[in-house]
Each structure stands twice: as C-alpha cells, then as structure tokens.
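The structure appears below as structure tokens.
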Amino acid sequence: MEENAKHASALSYFLSNFNISLSIENNVEDVVKALTSNQTDCVILDIGDSRGNEYQVIESIKSYEGLENLPIIIFTERNLSQSEELKIKQYADSIVVKTAHSYQRILDEVGLFLHLVEEKNNSLENVRTKTLGSLTEVLSGKKILITDDDARNIFSLTKSLEKYKVEAIVAMDGKHALEQIKQNPDIDVILMDMMMPEMDGYESIQEIRKMPKFAKLPIIAITAKAMIGDRQKCIDAGASDYISKPVDIDQLLSLLRVWLYES
Numbered sequence: 080m081e082e083n084a085k086h087a088s089a090l091s092y093f094l095s096n097f098n099i100s101l102s103i104e105n106n107v108e109d110v111v112k113a114l115t116s117n118q119t120d121c122v123i124l125d126i127g128d129s130r131g132n133e134y135q136v137i138e139s140i141k142s143y144e145g146l147e148n149l150p151i152i153i154f155t156e157r158n159l160s161q162s163e164e165l166k167i168k169q170y171a172d173s174i175v176v177k178t179a180h181s182y183q184r185i186l187d188e189v190g191l192f193l194h195l196v197e198e199k200n201n202s203l204e205n206v207r208t209k210t211l212g213s214l215t216e217v218l219s220g221k222k223i224l225i226t227d228d229d230a231r232n233i234f235s236l237t238k239s240l241e242k243y244k245v246e247a248i249v250a251m252d253g254k255h256a257l258e259q260i261k262q263n264p265d266i267d268v269i270l271m272d273m274m275m276p277e278m279d280g281y282e283s284i285q286e287i288r289k290m291p292k293f294a295k296l297p298i299i300a301i302t303a304k305a306m307i308g309d310r311q312k313c314i315d316a317g318a319s320d321y322i323s324k325p326v327d328i329d330q331l332l333s334l335l336r337v338w339l340y341e342s
C-alpha cells in the first residue's frame, strides 16, 4: 500500500525480479478488497508524512477473519521515535526505514515471510543478471544529468549507472545544470540535489520548467533525510519525483526505469 504510484511501481519492479507477485493499492478499502479476494502472503505498508493513520489501517486489515495473522511490513522514511516504533510493533511484524539499502532490506523481510530465503540465495546471481539485462535495455544510451555540489556523490552515482551504459553528464550547481541542459538538449532525465550553493535545486527546477522543451522532462529530486515535509515542496517546485539521501541505488535504478520506460 503506497500513495506514490511511481514509488510503488519501482518497488514492484524490483521485487518482481525475485518472482514475487505484487498488487498495488493506495487506500484501505482497496487493500481489504484485494486481501479478501486474493491469496496474499504479506503486506508492505508505506507510511509517509501525510498518512498518519497507519494504526487504523493495520487494525482494519487485522480485523477481518482470516487476516489476523497476515504479516505486515511497515516501510517508512520517517525517523520514528522509540514510542512510535514500540506502538507500531504492537500491530506490525517488521519495520524497514528507507536508507541506502532499504530495497534489499524489504527483499530480506519479504523473503523471510514467504520462505524464499534459500531460493533467493541460490538464484541471486541469476536474478541480478536478469535484472541487469532488463535495466540495460531501458537505460542503455540514455543521457542523465547528475547535479550535485559534492564530487563524492557524483562519483558514486556515476559509478553505479555506468554499468548500464548510461551517458552521465555532470553539473556542480544549479547554474551549471542550466548550462549543461542548453548544451545537451537531448537529456533524458535529471537527478537534482536540492541543497546546493549559488542556485539550489528548487530554483534550478523552476528555471528548467520555464523552458517549453523541458516542461515534461523527468526530474528526480534528491532530498536530505532530515527534510521532513519538503518532498511536497520538491513536487511544487516542478520535480517529477524524489528520493532521499543516502540514495538507495536499487530504488534509484527502479525509479529511473519507471520514468524512462513511460517516457
């Protein structure tokens, strides 16, 4: 259950490579309807800043006959307080906080509940090869502008993307990004750090959106973990999507695939 359709598609794509079948819902009614009409082994409930009713959601699910013992994994980018975590654990079976390796954590947790651990370990390399191939088909030859004032972040992202035959273009700040866009009008997607000197990500995105040619160009905002509530600010500025630091490469690749495949 996830309110952000693109994030749901990205996670669904990642898990589908491990022979896990997913159904995506965005409200309690649809979740319960899906659970009562289909054989479901596990629920992943994403709780963002805007939801706030996670306890009621879980209670609603568990109140139905036959769903009392259904495993529920909470997936969140919120920094939970100890009291919040203790309360959630009364209802849910596992909590995964979105970090640099959260997609792998989700896979591990789902694997435990679906008894896929042995199968996953035995076939991991084959799956990675398959995933690499399908990702390369979508990403190969694509031109991606990486905008970040930290050279270490640029190096890390570039290194992760180059194996998929992506052409990475670099900008160290917002003004540089605008120059790169004018010099490379065939850019397919932009990764935009939001906190930069000179011209920050918000202003940069707004300037890019003023150019008719780039009105619908996929722009993924890279936000700091502490910027609670600023994700909507990114969308309001014109970002297509967002991902939090530290960047989960599996999530980023899956998001890129979703945006580039659809475009």
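Under the working numbering, the first residue of the sequence shown is numbered 80, with each subsequent residue one higher. Idealized CB from N, CA, C, for every residue including glycine.
Scanning Lys-254, Val-337 and Ile-225 for the CA closest to the CA of Leu-214 turns up Val-337.
Judged by their CB atoms, Thr-302 and Tyr-281 are not nearer to each other than the 8 Å cut-off.
Counting only residues of its own chain and dropping the five nearest sequence neighbours on each side, Tyr-182 has a CB closer than 8 Å to the CB of Leu-90, Phe-93, Asp-327, Asp-329, Gln-330 and Ser-333.
Under DSSP, the beta-bridge partners assigned to Ser-323 are Thr-302.
Non-local C-beta neighbours of Glu-81 in its own chain, meaning closer than 6 Å and more than five positions away in sequence, comprise Ala-87 and Asp-125, ordered along the chain. Only buried fits Glu-156, as 16 or more other CB atoms lie within 10 angstroms of its CB. Counting along the chain, the unbroken alpha helix (DSSP H) around Ile-284 starts and ends at 280-288. Sixteen is the threshold: when 16 or more other Cβ atoms of the shown chains lie within 10 Å of the Cβ of Ser-319, as they do, the residue is buried. In the assembly as shown, Phe-234 is an exposed residue. Its beta-carbon has fewer than 16 other beta-carbons within 10 Å. Judged by beta-carbon spacing, Ile-248 lies beyond the 8 Å limit of Lys-221, meaning their Cβ atoms are not closer than that value.
If you draw a 10 Å sphere on the C-beta of Pro-297, you find 16 or more other C-beta atoms in it, and that means buried.
Judged by DSSP secondary structure, Asp-125 falls within the beta strand (DSSP E) whose first and last residues are 122-126. Per DSSP, the continuous beta strand (DSSP E) segment holding Leu-224 begins and ends at 222-226. Per DSSP, reduced to three states, the secondary structure at Thr-155 is strand.
Residue range 246-250 is occupied by the beta strand (DSSP E) that includes Glu-246, with no alpha helix (DSSP H) assigned at that position. If you look at Ser-173, you'll find it in the beta strand (DSSP E) that goes 173-176.
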